[in-house]
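Single-structure report; data block below.
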Amino acid sequence: MICAMTSDGAVRRGRVRGWLDGMRDTWEPPRAGDLASPFRFLIWLTREQKRRVGWAAALGSSWMVGLTVPPWVLSRTVDDGLAARDISALAWWVLLLLGVSVLNALLGIARHRTMTKIRMDASFRSVRATVWHTSRLGASLSRRMSAGEVVTVGISDVYTVAQALTVTGPGVGAVIAYAVVAVVLFTISPLLAAVVLAGVPLLAVAVGPFLQRIERTGGTYRVHQGHLTTRLVDILAGLRVLNGLGGKAFVAERYGQESQRLIGHGYRVAGPASWVGALSTGLPALFLAAVVWLSARMAATGAITIGDVVAVYGYVAVLVVPVSALIESGGDIARARVAGQRIIDLLNLPVPPESQGAVPPGCGPLADPESGVVVRPGVLTALVSARPAEAVAVIERLGRLTAAAGVTWADVSIDGVDRAQFRRRLVVADNDAEVFAGTVREVVAGRLDADDDRIRTALRVAVAEDVVEALPGELDAPIAAGGTDLSGGQRQRIRLARAVYSAPDVLLAVEPTSALDANTEAAVVDRIREARRNRTTVITTSSPLVLDRADEVVVLADGKLSAAGTHADLLRGDPHYRDLVSRTADE
Numbered sequence: 005m006i007c008a009m010t011s012d013g014a015v016r017r018g019r020v021r022g023w024l025d026g027m028r029d030t031w032e033p034p035r036a037g038d039l040a041s042p043f044r045f046l047i048w049l050t051r052e053q054k055r056r057v058g059w060a061a062a063l064g065s066s067w068m069v070g071l072t073v074p075p076w077v078l079s080r081t082v083d084d085g086l087a088a089r090d091i092s093a094l095a096w097w098v099l100l101l102l103g104v105s106v107l108n109a110l111l112g113i114a115r116h117r118t119m120t121k122i123r124m125d126a127s128f129r130s131v132r133a134t135v136w137h138t139s140r141l142g143a144s145l146s147r148r149m150s151a152g153e154v155v156t157v158g159i160s161d162v163y164t165v166a167q168a169l170t171v172t173g174p175g176v177g178a179v180i181a182y183a184v185v186a187v188v189l190f191t192i193s194p195l196l197a198a199v200v201l202a203g204v205p206l207l208a209v210a211v212g213p214f215l216q217r218i219e220r221t222g223g224t225y226r227v228h229q230g231h232l233t234t235r236l237v238d239i240l241a242g243l244r245v246l247n248g249l250g251g252k253a254f255v256a257e258r259y260g261q262e263s264q265r266l267i268g269h270g271y272r273v274a275g276p277a278s279w280v281g282a283l284s285t286g287l288p289a290l291f292l293a294a295v296v297w298l299s300a301r302m303a304a305t306g307a308i309t310i311g312d313v314v315a316v317y318g319y320v321a322v323l324v325v326p327v328s329a330l331i332e333s334g335g336d337i338a339r340a341r342v343a344g345q346r347i348i349d350l351l352n353l354p355v356p357p358e359s360q361g362a363v364p365p366g367c368g369p370l371a372d373p374e375s376g377v378v379v380r381p382g383v384l385t386a387l388v389s390a391r392p393a394e395a396v397a398v399i400e401r402l403g404r405l406t407a408a409a410g411v412t413w414a415d416v417s418i419d420g421v422d423r424a425q426f427r428r429r430l431v432v433a434d435n436d437a438e439v440f441a442g443t444v445r446e447v448v449a450g451r452l453d454a455d456d457d458r459i460r461t462a463l464r465v466a467v468a469e470d471v472v473e474a475l476p477g478e479l480d481a482p483i484a485a486g487g488t489d490l491s492g493g494q495r496q497r498i499r500l501a502r503a504v505y506s507a508p509d510v511l512l513a514v515e516p517t518s519a520l521d522a523n524t525e526a527a528v529v530d531r532i533r534e535a536r537r538n539r540t541t542v543i544t545t546s547s548p549l550v551l552d553r554a555d556e557v558v559v560l561a562d563g564k565l566s567a568a569g570t571h572a573d574l575l576r577g578d579p580h581y582r583d584l585v586s587r588t589a590d591e
């Protein structure tokens, strides 16, 4: 009865919370078509903020076209003011030049602010999409993609993809400004305009091969970068063990060697990238030299005026900005295609289809046909094996963390029930579960609303009152990411308190007392048994203290059910169990 009441209340709270979240947030994840290629992913990021992108394109175009106005004003200043010796005309054109310069400065500020918002929006959308998808993948993510790869996607690839959206502002403006300068030059001299227009195919010929090489070498570099980040994550996680075994120096040497190889790949990427950077400055300079030489010769023959020479010089000098923007945008897109591929590889990892069936009322029983284990509802069950990994495998199947063909809850396959409802009613308390940064209140409450009285009760059940009392601020005391400011036993009890606070119908706990002393361990089990009376609780353990307090002990041998009964009965009648417990007690 308790189980049914708890689950119904949780369902109602979940529906209300989901409705409120839906009202507050209109964000939608990318569709399958948006993940077909890196280019489609960039299109999705652009489409999701199309108004801002349109405004950025308008500002970028206005700013770059505005850069061509001062050369024309300067040419009129020379011809109408200086050459004609007209002081009033000279003053007028100087004031106009000042006004145009101020306006361009304001346009440049607005363009930069808008492009910063576009890049930040793209970064946040990419991060949110990856977090959304990794949460759907759940525990299966670690078996499909390494931690280092995920970290690299979140830190490096997201930034690279967001940077490529610069093309939507200055990139569009560069094309328009280039065309405007070509048209203006055509009014002065068709020959000069032809020289400028010839620069577009020249740019493609000169820069294209380098962009393709960036994509090829960048992909190899990115793969090695993910592997090295994975190695670093593993080293940091096992640093204490390495210190104890004396293997830190050997691992550090191996990591150094792999880092040097990655640096070599980085040089191969930097080569073409440096050429792109050099060409973005060098090619406009060549245009400037060629056009100024031609215009000077035309002025010497009287084909154009001195003011026209000044204007031509200014126009071509202005072209340095759009031409550089075009080349840099090409490099950004080339790098974004490599980074975007890694992002969509993560987002395209298949998620099991959502099921709509309801979880049966009550607390079980849960049955795992692969091992033969049947967990009776409403009791405290201890799962013991000579090889702890076998017990963990059973928990993962019962908890739907791995493929669980045939696993049932009250004769209903758990593969066919609603995942969100299943997660609310069944909690797997992994001994290695992440402890996120936050206050004690936030860490224990987790995804649920914080209730101080319930939190204190959960802490008491986990015998963690002393942990909180020793912290400044008690429930408001901060806990570092990963619980690094706590001891192993303190982290274990905080994790257990979080699981108890969620009040699930079924709690599957993996070695929840392994880091505790005997007195604390006994107190934890007694309090869990009392607090979760009439609810199903399964604990994997080999501790005689826990086994003695369990309502039922399930023994595994080679991953299969070997025996089941009370601790006392098994000690009397099962030699395998007796040897297992005796060996554990000796250890």
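Using this note's numbering, read the sequence shown as starting at 5 and increasing by one per residue. Don't be surprised by glycine CBs; every beta carbon is placed ideally from N, CA and C. Keep in mind it's a predicted model, so treat the numbers as computed, not measured.
Cβ-Cβ distances below 6 Å link glycine 487 to Val439, Arg495 in the same chain, with the five nearest sequence neighbours on each side left out; the list follows chain order. Nearest neighbour of glycine 563 by Cα position, chosen from Ala197, Asn352, Arg401, Val316, turns out to be Arg401. Contact between the stretch 551-565 and the stretch 363-377 is present: three or more C-beta pairs spanning the two stretches fall below 8 Å.
By the CB criterion at 9 Å, serine 193 and valine 162 fall outside the cutoff. If you draw a 10 Å sphere on the C-beta of isoleucine 418, you find 16 or more other C-beta atoms in it, and that means buried. By DSSP's assignment, isoleucine 483 forms a beta bridge with Gly442. With a contact defined as Cβ atoms closer than 8 Å, cysteine 367 and valine 510 qualify at about 6 Å. Here DSSP, grouped into helix, strand and coil, assigns serine 375 to coil. Annotated as proximal: glycine 175 and glycine 64, with beta-carbon spacing under 9 Å. Taking the C-beta atoms as reference points, alanine 441 is found no nearer than 9 Å to proline 392. Annotated as distal: alanine 362 and aspartate 415, with beta-carbon spacing of 9 Å or more.
Around the C-beta of serine 66, 16 or more other C-beta atoms lie within 10 Å, and the residue is accordingly described as buried. Annotation for glycine 569: no alpha helix (DSSP H) segment contains it, though the beta strand (DSSP E) segment containing it runs 564-569.
Using a Cβ-Cβ distance cut-off of 8 Å, the stretch 333-346 and the stretch 152-172 are in contact, since at least three pairs of beta carbons, one from each stretch, lie closer than that value.
Look at glutamate 332 here: in three-state DSSP terms it is helix. With a threshold of 16 other beta carbon atoms within 10 Å, isoleucine 91 falls short and is exposed.
Residue pairing by DSSP places valine 432 opposite Leu512 in a beta bridge.
Arginine 576 and arginine 582 have their C-alpha atoms spaced approximately 8 Å apart.
By the Cβ neighbour-count rule, histidine 580 is exposed, with fewer than 16 other Cβ atoms within 10 Å of its own. Around the CB of alanine 186, 16 or more other CB atoms lie within 10 Å, so the residue is classed as buried.
In this structure, DSSP gives alanine 397 a helical state, which the three-state scheme calls helix. Per DSSP, threonine 309 lies in no beta strand (DSSP E) and is assigned neither H nor E. Its chain contains Val57, Leu169, Thr172 as the residues whose beta carbon lies nearer than 7 Å to that of threonine 50, once the 5 sequence neighbours on both sides are disregarded; these appear in chain order. For the 9 Å CB-CB criterion, alanine 554 and alanine 386 form a contact. When C-alpha distances from alanine 294 are compared across Ser546, Ser547, Ala321, the shortest belongs to Ala321.
Approximately 13 Å separates the beta-carbon atoms of alanine 437 and valine 504; this is outside 8 Å, ruling out the contact. Cα atoms of glycine 477 and valine 444: separation of roughly 9 Å, rounded to the nearest angstrom. Two segments are said to touch when three or more pairs of C-beta atoms, one from each, lie closer than 8 Å; by this definition the stretch 264-277 does not touch the stretch 39-55.
By the neighbour-count criterion, in which 16 or more other beta carbons inside 10 Å mark a residue as buried, aspartate 336 falls on the buried side. Listed as beta-bridge partners of threonine 541 by DSSP are Leu384, Leu511. Using a Cβ distance threshold of 9 Å, tyrosine 317 and threonine 72 do not count as a contacting pair. For glutamate 556, the uninterrupted beta strand (DSSP E) segment begins and ends at 556-561. A residue is called buried when at least 16 other Cβ atoms come within 10 angstroms of its Cβ; leucine 290 does not meet this threshold and is exposed. Serine 389 sits in a strand when the DSSP states are folded into three classes. Taking a cut-off of 8 Å on C-beta distances, the stretch 305-315 touches the stretch 80-90, as three or more cross pairs fall below it. Remark: C-beta atoms of valine 431 and serine 506 approach each other more closely than 9 Å.
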